[in-house]
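Student: Just so you know, we're using my numbering here: the sequence shown kicks off at 813 and counts up by one.
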Amino acid sequence: MDGNVDARRVSPASSEGDACGRSLRNAPNLQPSTDVVIVKSGRRICGTGGCLANAPLHQNKSYFEFKIQSTGVWGVGVATQKVNLNQVPLGRDTNSLVLRHDGSVYHNNEEKNRLPANSLPQEGDVIGITYDHVEMNLYLNGKNMHCPASGIRGTVYPVVYVDDSAILDCQFSDFYHTAPQGFEKILFEQQIF
813 MDGNVDARRV SPASSEGDAC GRSLRNAPNL QPSTDVVIVK SGRRICGTGG
863 CLANAPLHQN KSYFEFKIQS TGVWGVGVAT QKVNLNQVPL GRDTNSLVLR
913 HDGSVYHNNE EKNRLPANSL PQEGDVIGIT YDHVEMNLYL NGKNMHCPAS
963 GIRGTVYPVV YVDDSAILDC QFSDFYHTAP QGFEKILFEQ QIF
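Encoded structure:
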């Protein structure tokens, strides 16, 4: 890692600003597992384990993205707060629904769907995820992969895990690709009182 990189762990209550001095209070942050490091203003995930965003997907149609900075073992999707972020790969229980680096989509230790063999995400690719409280759908570099998956129940949050030198960036706003029609960035609830 670059010696100038801020290797802090981001807590849900973080009120620190990003590199441009903007407050991160209005954007989701990540809650890391034990051996995950979060860098680049709280948006880059490396190490071993998972991170759960601190903003639940309450609205009807949510969209968020992950960019693959370095390949390895990784997964992205949605999970409940009960997910064990230290036990990768995710998707082995009822608490997570994830796309894995090999193109498979897992929930409850069952393959729910699979990306086409010629569409496996590579370094530099952007994975978009939509969630509408029933289905999770996947987009690769802005293209719908027609790979729906469902089965997770309860309040869910964006989740990502990394291992074997994988590095992923999360994007909860200012997307690389336009969100599909009807979907929008995660609405971050704040207490006003």
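We put the CB at the ideal spot given by N, CA and C, even for glycine.
#1: Quick check: the stretch 989 to 996 against the stretch 930 to 949, are there 3 or more CB pairs under 8 Å?
#2: Tell me whether the stretch 849 to 863 and the stretch 950 to 961 touch, counting them as touching only if at least three CB pairs, one residue from each stretch, are closer than 8 Å.
#3: Where do the ends of the beta strand (DSSP E) carrying MET948 lie?
#4: Using beta-carbon positions only, say whether TYR973 and GLY887 come within less than 7 Å of one another.
#5: Could you tell me which uninterrupted beta strand (DSSP E) segments, each at least 3 residues in length, are contained entirely in the stretch 963 to 995, listed from first to last along the chain?
#6: With a threshold of 8 Å on Cβ separation, who are the neighbours of GLU996 within its own chain once the five nearest residues in sequence on each side are excluded?
#7: Between LEU952 and the rest of its own chain, which residues show a CB-CB distance below 7 Å, the 5 nearest in sequence each way excluded?
#8: Leaving out five residues on either side along the sequence, give the residues of the same chain with a beta carbon under 8 Å from the beta carbon of ALA921.
#9: Suppose the cutoff is 6 Å on Cβ atoms and the five residues either side in sequence are ignored; what does the same chain contact list for TYR943 look like?
#10: Within the same chain, show all residues whose beta-carbon is closer than 6 Å to that of PRO970, passing over the 5 residues directly before and after it, in chain order.
#11: So LEU950 and LEU909 are supposed to be a Cβ contact under 8 Å. How far apart are they, rounded?
#12: Please tell me whether VAL895 and ASN907 are closer than 7 Å, where the distance is taken between their beta carbons.
#13: In this structure, does DSSP put ASN930 in helix, strand or coil?
#14: Report buried or exposed for ALA929, applying the criterion of at least 16 other Cβ atoms within 10 angstroms of its Cβ.
#15: When the Cα of ILE979 is compared with those of ASN925, LEU927, HIS913, GLY966, which residue comes out closest?
#16: Who are the near neighbours of SER882 in its chain, counting only those whose CB is closer than 7 Å to its CB and skipping five residues on each side?
#17: Suppose you measure from the CA of VAL848 to the CA of GLN983; what does that come to, to the nearest Å?
#18: Under 7 Å, do VAL900 and ASP975 count as touching if we go by C-beta distance?
Tutor: By the coordinates alone:
#1: These segments touch.
#2: At 8 Å Cβ cutoff, the stretches do not touch.
#3: From DSSP, the beta strand (DSSP E) with MET948 extends over 947 to 952.
#4: Contact flag set, yes.
#5: You should have 969 to 975, 979 to 983.
#6: GLN871, LYS873, SER874, TYR875.
#7: Excluding residues within five positions, the ones whose Cβ falls inside 7 Å are SER931, PRO933, ASP937, ILE939.
#8: Correcting the residue type first, residue 921 is Asn in the shown sequence and not Ala. Excluding the 5 residues flanking it on each side, ASN921 has same chain C-beta neighbours closer than 8 Å at GLY903, ARG904, ASP905, in chain order.
#9: Cβ neighbours of TYR943 beyond the five flanking positions: LEU869, SER874, VAL890.
#10: ALA865, PHE876, listed in sequence order.
#11: The pair is not a contact, with the Cβ atoms about 11 Å apart (cut-off 8 Å).
#12: With respect to the 7 Å criterion, VAL895 and ASN907 are classified as neighbours on the basis of their beta carbons.
#13: ASN930: helix per DSSP, three-state reduction.
#14: Around the CB of ALA929, fewer than 16 other CB atoms lie within 10 Å, so the residue is classed as exposed.
#15: Scanning ASN925, LEU927, HIS913, GLY966 for the CA closest to the CA of ILE979 turns up HIS913.
#16: Counting only Cβ-Cβ distances below 7 Å, and skipping sequence neighbours, we find GLU935, SER977, ALA978, ILE979.
#17: In this structure, the alpha-carbon of VAL848 lies about 18 Å from that of GLN983.
#18: Taking 7 Å as the cut-off, the Cβ atoms of VAL900 and ASP975 count as close.
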